[in-house]
Structures are given as structure tokens and as C-alpha cells.
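> Numbering (the UniProt record's numbering), first residue to last: 1 to 425.
In this text, a Cβ means the ideal position worked out from N, Cα and C, and glycines have one as well.
#1: So does the stretch 125-134 actually touch the stretch 181-188, counting three or more Cβ pairs closer than 8 Å?
#2: Taking one C-beta from the stretch 290-305 and one from the stretch 122-129 each time, how about it: are there three or more such pairs within less than 8 Å?
#3: Can you pull the DSSP bridge partners for residue 134?
#4: Candidates 241, 217, 316: which alpha carbon is nearest residue 260's?
#5: Here's the rule: buried if 16 or more other CB atoms are within 10 angstroms of the residue's CB, otherwise exposed. What is residue 264?
#6: Spell out a yes or no on whether the stretch 398-415 and the stretch 187-204 are touching, meaning 3 or more CB-CB pairs, one atom from each, closer than 8 Å.
#7: Under 6 Å Cβ to Cβ from residue 262, same chain only, skipping five residues before and after it: list those, please.
#8: Report the residue ranges of all alpha helix (DSSP H) runs contained in full by the stretch 211-298; include only those spanning at least 4 residues, in chain order.
#9: Counting along the chain, where does the alpha helix (DSSP H) carrying residue 375 start and finish?
#10: Indicate whether the contact test is met: 3 or more Cβ pairs, each with one atom in the stretch 156-169 and one in the stretch 372-380, closer than 8 Å.
#11: DSSP three-state call for residue 348: helix, strand or coil?
#12: Is DSSP giving residue 304 helix, strand or coil here?
#13: Using a 10 Å radius around the Cβ and a threshold of 16 neighbouring Cβ atoms, would you call residue 348 buried or exposed?
#14: Is the beta carbon of residue 270 sitting closer than 8 Å to the one on residue 242?
#15: Per the DSSP calculation, residue 181 is bridged to which residue(s)?
#16: Using 8 Å for Cβ pairs, my map puts residue 352 next to residue 396. What's the rounded Cβ distance?
#17: What are the boundary residues of the alpha helix (DSSP H) that residue 343 is part of?
#18: Given a cut-off of 8 Å, decide if residue 273 and residue 281 are closer than it, judged by their beta-carbon atoms.
#19: Residues bridged to residue 359 by DSSP?
#20: Closest by CA to residue 146, which one among 164, 331, 136, 177?
#21: Can you tell which of 355, 226, 389, 209 has the C-alpha that lies nearest to the C-alpha of residue 292?
As C-alpha cells, this is what we get:
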């Protein structure tokens, strides 16, 4: 089996263990070679004996015994993984339909079969990857959500809310735009977490067909050389780059023209477009620019798919968003949210167990609050959003644990999915 085509036993962002599904690790390279990534996967799957659940579980336990011990729980942790393996192997794709099919399987139809695409794809159809870069709190996630048509990336008024590289898919009859919403670019890295987040940014740029660099138009104009150097690096001369002046709704019309003139004069990019991502103004202009840069070719994904990330990833992100909205100062940044158990129950509420890791006992006290009131408020707000997102009722259980200096633990960070591709489990 050729290296890089598939990945075995890959850690995910929110699963404390090792996943066992085979999933293509470079769909873009397959696509550009002139074949469907899933079609190629199917051809290789014919030569790979997919193990049974029991065989796979034994392999996982043999490789992760120490991980279970470190994570705590002992027998309970094993039973929890048994429960997940036997009754819920996690969904793979997030559907755009109002009430998507939440049936769970080891490898669903999208993994084992070719994509259910139209038999005829227009030769004018365009598809490709777009990296959305910028400093913290400039509106990258808001722009991505606007283009996709629904909320995938969490949005708060605090900087550095996005930690992972969020993949969102914007599809229409004649195109498919695959957006990578990335963490805000930071020059001073305080923790290993910061360095690994910047790896996510560079990975997105390297694998993109074009790049959007978002800046805050309401701030004093400044050159973006450092921004491009950190986010795009030496490949910036090879990629089409659009500078997006966001938040134009916060400045007077006359000032917009001045900002536009300044950036066109002092910044080396292909084009500059002012927008208001919050209200959707100018977003279509950005989309038109992207389509002019994407190559012609068939779609990478079915047209009703909004993201390749599993539902449990978005559940964890919703909880993390509520933490950012409810707490202040350092506390939100010291929190890591993991979905430790997700059980789909057709005749009852889905059961979701979430752990929040903090670095200090004092942070745990703040999260829980007096008589547990703060944590209850957090869990209620998160549950309501999760139910809206999943289109079904859930039972949410939240626990707070202390893991000292988790932001400096490279092994733990990789297990949480930082610095690597978030894969379906």
C-alpha cells in the first residue's frame, strides 16, 4: 500500500484513544491525478481486509493501554470505549439537510462506495481548496460561516477562539469551494499549543489553491509581510492571494476608499475587496474571485455535505464557545474540551459525556462556580445549541478535570488533534 494514501490508527481531536478507520489522507492529490478520492479508496479497500470490530478493539487496547491509564477511568474507560465501538462508531459527515440522517456506522456509504455524484459533471465545474488566514479576531470564522451558509466555526468577541483548522464546504451546481478556517496568526508563541496551531495555518496554505488574507478595515492600515511570512511562507509567490478588508460596516464610506487605496499601493496581493462578513456585504465578490482562481474539475464531496469533521468535534466546539462567552481572562484559553462518550439512542435522548480540562485547581473552581451554578449554566447553554445543531434532544453530562500544563504537553496536544488533520473516527 502506497504511503500517504490512507491513515491507520490516527488520533482525533476529541476521542481519547486511537481511531481505527482507514481514511484517505490526501484527497486533493488524488483529485488532481484525475480520479475521485473515494473511488481510489474503494479500489484499495478491495485489497485491504477490514478487521471486525472485536479484532480492531483488541488492537486498539494493545496500543493504548497506557493511554487509558493516563486518561483515568481504568475499567470504566475500557467499558466506555466498548460502548462507543459497539453502539456508536461515530458519524462521519455533517449533512446540510434540515434533519440529517444520524445513523452511525463503521464506514458509511461515503467511505465504502463512490460518491453519489451526478453522472454528468459540467466541464466548466470548478472545485478546490481555499485557506482563510489572518490575525486573531478579524472575522475569519464569520466570513467562512457566511460563505458556507451555516455556522460551523465558533465565533466570539475574544481573540484566538479558533484553534483547529475547520473544513467547511460551500457547494452549488457549478462549483465546490472547500474552505479552511484557520487559527489567528500569532507571532509570539506562549505555549506548544500556539506553535501547533500555527502548523495548522501553514498546512492549510500549502494545500490550498488560493488564499484569503482577512484584515480589520476599522484598524489603522499596516503591512502584512509578517502575516504572509508566518502563514504562507515561501510559497506566497506561487499562490493567488486576495486581501479581504472586513468590518467595513464600522467605518465611514469615505474611509473605505482611503483604506482600499492604501492597501492596493503598499501590499503585494492579487486583489483587495472590502466586505462586511457580519452582514454579508461583499461576500459574493469574494466568492467570484475564488471561483476565478479554482481549477476546473469534479467536486471532492457530495453537494449536501457541509464538513468532513465528525459531529462530536462540533459538539466539543459548541461547549468551548460557551466557555468563551461565559468566562473571562485566562480561563477560556486554559480549557480543552473532549467528548469522551457519545451514544446514539434511537428511542431516547442521545447521551453525550464531555470533559473540560483546565491547568489549575483555581480554574476548576471558577468553572464550577458556587454550588455548581456556573457549570450548570454553561451545560444548559451548550445543550440547547447542541440540540439545535443535531436536530434532536440530548442528555449532556459535563465534568471538569485538572491536567497541569496540558498546553505544553506535545503528546497530549497531538492526541487532541492539534498540529494534524482532524480525521473521522
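According to the structure data:
#1: At 8 Å Cβ cutoff, the stretches touch.
#2: Verdict: yes, contact present.
#3: As DSSP reads the structure, residue 134 sits in a beta bridge with 214.
#4: Checking every option, the nearest Cα to that of residue 260 belongs to 217.
#5: By the 10 Å Cβ count, residue 264 comes out exposed.
#6: Between the stretch 398-415 and the stretch 187-204 there are three or more inter-stretch CB-CB distances shorter than 8 Å, so the stretches are counted as touching.
#7: If we look at residue 262 and ignore the five residues flanking it on each side, its Cβ neighbours are 221.
#8: Those alpha helix (DSSP H) runs which fall completely within the stretch 211-298 and span 4+ residues are 225-231, 253-266, 283-293.
#9: Looking at the DSSP string, the run of the alpha helix (DSSP H) that includes residue 375 is 373-390.
#10: Touching, no, given that fewer than three Cβ pairs across the two stretches are closer than 8 Å.
#11: For residue 348, the secondary structure class from DSSP, reduced to helix, strand or coil, is coil.
#12: Looking at residue 304 - three-state DSSP - the assignment turns out to be coil, as it is neither helix nor strand.
#13: Exposed: under 16 other Cβ atoms inside 10 Å.
#14: Yes, they are a contact pair.
#15: In the DSSP output, where bridge partners are listed per residue, residue 181 has 132, 166.
#16: Right, the Cβ-Cβ distance comes to about 5 Å (below 8 Å), so this counts as a contact.
#17: No alpha helix (DSSP H) contains residue 343, which is instead part of the beta strand (DSSP E) from 336-343.
#18: Their beta carbons are not under 8 Å apart, which means residue 281 does not touch residue 273 by this criterion.
#19: Partner residues in a beta bridge of residue 359, as assigned by DSSP, do not exist.
#20: With distances taken between Cα atoms, residue 146 lies closest to 177.
#21: Cα-wise, what sits closest to residue 292 is 209.
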